[in-house]
DNA sequence: TGTGCTTACGTCAACGTTGACGTATCGAGA
DNA sequence: TCTCGATACGTCAACGTTGACGTAAGCACA
């Protein structure tokens, strides 16, 4: 900037004015400065600018998600990006992979970067450590999972209700033995989903059979194995509810290799792009990812605009998409 | 920092030393400083630090992709993140949506942020504007598409060969009338894919029928319509090659509603998670997204480590994954 | 006892930018 | 002609941090 000023024959302050489009520079000077800047390949230093300015917005929002590679996190990221773009905010995204340490590390990094806000799909269970950041004015929005130990905005889906809807749907199809495969138990959404499953059983007056609820199923392959094992029971389930995307895939594979995909019902939690092309087409509980991301962005922008009201907790309703696999009746 | 220094009864420089883990601070002083920092909720300001330091690495890498919400960009982002993580680099991701203006804007933003490197899946066709940035020392890695007008590292897939493999595979199945649906013509990868398709036809001594090559198909729905229209021709194609993920989906739908999914062959470009669950299972050309992202990260890190050698152009080979839909013989 | 080295600090300026404020010039109006 | 206000600049310090360098104390060794 000093060089530009010298080449243009003005002071640095004038260069600053021109660069920021402030008034107080004649057309002639403006021209000279811009030419000089161009000649010298001058690039504005946003860091220095942010440092000096009063309000000092960095223009960065941190998005700490479970895994930016999976369709849920990715869709969310995309929707968030869109809703923040027009405010000139950029998104720094990271995958936490359910590792609390990484969460802490990334939060520390983003705080040091003076991020304007944080979107968190937390890997940790207690969030007291965020209190001081929030007190310092950092807008915080939790997504998919609720905050514990810090009172801030959140956007979640009613997982309990979603799972209950799914289970009830299966029960309505005449099924009496409905099995459920669930994600890692320490993940809150997984707990809520199993709770919904159990609630639906109770509601229907069915007895809960612990053998039919398999928690902490880790991946597609394990899901496959679990389903196969359950089918081998003396009194096997006639319907399955899978608590997560990849578990659904594993279940489909197992049912198919057992030749039972048209005999055994299946409802999966989370929709995915080709779900209707599978045979039979998959009935799922869908979360509106787009909507979730948009709401998160909206909350964040409101806070950035100065909204000091009490934390808001949006709970969106999931919906049941019937495509066939969930409508297979018993027997 | 000044406050921390005062509370701990030391100079700011000493606080700096403690914060950065530099030697030259006794255990006792270190303790006092850390306590003071804790009491005052002191947060290190990375921006100021970066500004002052000589090498001034911001620790940010920009990833300008087509759409962080689609599985290709998302997978790439994830792999990139992983390979950069251990070097302490964070990824600022943005979706360009094939809009050159957005590309320019984001590049300008990242340059102003003093990003340590840029990963670009460009929306624009000419990249001369990046020359000055590169000359200024900004490591640049293009991905999925080659640079034009600036000489920098790139990681691409041999799209031409991929499409040729697909077409040849169909031709080997006895097909004489193979149709292709392609993405927007101005996208380089789309051009390469159609070129591969034509090359394979020529190689096999088949005449090219312009009616069977439909370029600039925009989305799933349009793809569906196009396939339906092609099937209504007097001499319809017996096999289809779809140039992109969503076009494949559209084609599957059209074939299915025509009741021809087991009579007409189909090979899609790009694999996707449930491709083997579709009926018939989809034969695809797969790009190893993980590998691409990892290589991009590696190239970037090498440049950051000071590698000044000539730009490298990695061209990865796609692979043909046979699952059924592409092995349907003619007739 | 003097010299030199190490350790543990402190002082000062600078990184690139902008807010606050000062000044010179010019034209309008009394 | 003088004053006033607007316009177009310039000067200076400060944002939070760290590199360069200075210094005082302590210790080892000739």
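Chains as they are written, first to last, in the numbering used here: chain A, 1 to 331; chain B, 332 to 662.
Glycine residues also receive a C-beta, built at the ideal position from the N, C-alpha and C atoms.
Taken in chain order, the unbroken stretches of alpha helix (DSSP H) that lie wholly in the segment 367 to 405 of chain B and span 4 residues or more are 377 to 383. According to DSSP, residue 571 (chain B) shares a beta bridge with B:510 and B:597. Taken through DSSP and simplified to helix, strand or coil, residue 458 (chain B) comes out as coil. One alpha carbon belongs to residue 402 (chain B), the other to residue 51 (chain A), and they sit about 37 Å apart.
For residue 334 (chain B), the three-state secondary structure derived from DSSP is helix.
Taking a beta-carbon distance threshold of 7 Å, residue 463 (chain B) counts as an interface residue toward chain A.
For the beta strand (DSSP E) assignment, the uninterrupted runs of no fewer than 3 residues enclosed by the segment 90 to 119 of chain A are, from N- to C-terminal side, 90 to 95.
The segment 273 to 292 of chain A and the segment 589 to 609 of chain B touch, with three or more beta-carbon pairs separated by less than 8 Å. Taking C-alpha positions only, residue 262 (chain A) is separated from residue 560 (chain B) by approximately 32 Å. For residue 500 (chain B), the enclosing alpha helix (DSSP H) stretches over residues 490 to 503.
Using beta-carbon distances, residue 481 (chain B) does not count as an interface residue toward chain A, since no partner is under 7 Å.
Judged by beta-carbon spacing, residue 294 (chain A) lies within the 7 Å limit of residue 83 (chain A), meaning their Cβ atoms are closer than that value. Shown here, residue 560 (chain B) sits in a helix according to DSSP, grouped into three states. Pairing residue 362 (chain B) with residue 129 (chain A), the inter-Cα distance amounts to about 21 Å.
Closer than 7 Å to the CB of residue 90 (chain A) there is at least one CB belonging to chain B.
Closer than 7 Å to the CB of residue 361 (chain B) there is not a single CB belonging to chain A. Around residue 630 (chain B), the same chain offers 472 and 484 as residues with beta carbons nearer than 6 Å, after the five sequence neighbours per side are excluded.
Contact check for residue 80 (chain A) against residue 296 (chain A) passes: the beta carbons are separated by less than 7 Å. Bounds of the alpha helix (DSSP H) holding residue 577 (chain B) are 576 to 588. When the Cα atoms are used, residue 239 (chain A) and residue 166 (chain A) turn out to be separated by approximately 11 Å. Rounded to whole angstroms, the separation of the alpha carbons of residue 99 (chain A) and residue 514 (chain B) is 39 Å. Sorting A:286, A:18, A:306 and A:216 by C-alpha distance to the C-alpha of residue 163 (chain A) places A:286 at the top.
The C-alpha of residue 395 (chain B) lies about 12 Å from the C-alpha of residue 439 (chain B). Proximity of the segment 443 to 462 of chain B to the segment 571 to 589 of chain B falls short of the contact definition, fewer than three beta-carbon pairs being nearer than 8 Å. Taking CB atoms only, residue 469 (chain B) has no neighbour in chain A less than 7 Å away. One Cα belongs to residue 69 (chain A), the other to residue 476 (chain B), and the distance between them is close to 20 Å. Ranking A:215, A:252 and A:265 by CA distance to the CA of residue 177 (chain A) puts A:265 first. The beta-carbon separation of residue 392 (chain B) and residue 448 (chain B), rounded to 5 Å, stays under the 8 Å limit for a contact.
Shown in chain order are the members of the segment 12 to 44 of chain A whose Cβ falls below 9 Å from a Cβ of chain B: 41, 43 and 44. Residue 148 (chain A) sits in coil when the DSSP states are folded into three classes, being neither helix nor strand.
Residue range 644 to 647 is occupied by the beta strand (DSSP E) that includes residue 646 (chain B).
The shortest CA-to-CA distance from residue 226 (chain A) to any of A:270, A:38 and A:254 is the one to A:254. Beta-bridge partners of residue 616 (chain B) (DSSP): B:600 and B:651. Using a Cβ-Cβ cut-off of 7 Å, residue 115 (chain A) does not count as an interface residue toward chain B, since no Cβ of chain B sits closer than that to its own. Excluding residues up to 5 positions away in sequence, 173 and 174 lie with their Cβ nearer than 6 Å to the Cβ of residue 329 (chain A) in the same chain. Assigned with DSSP and collapsed to three states, residue 325 (chain A) falls in coil, not helix or strand.
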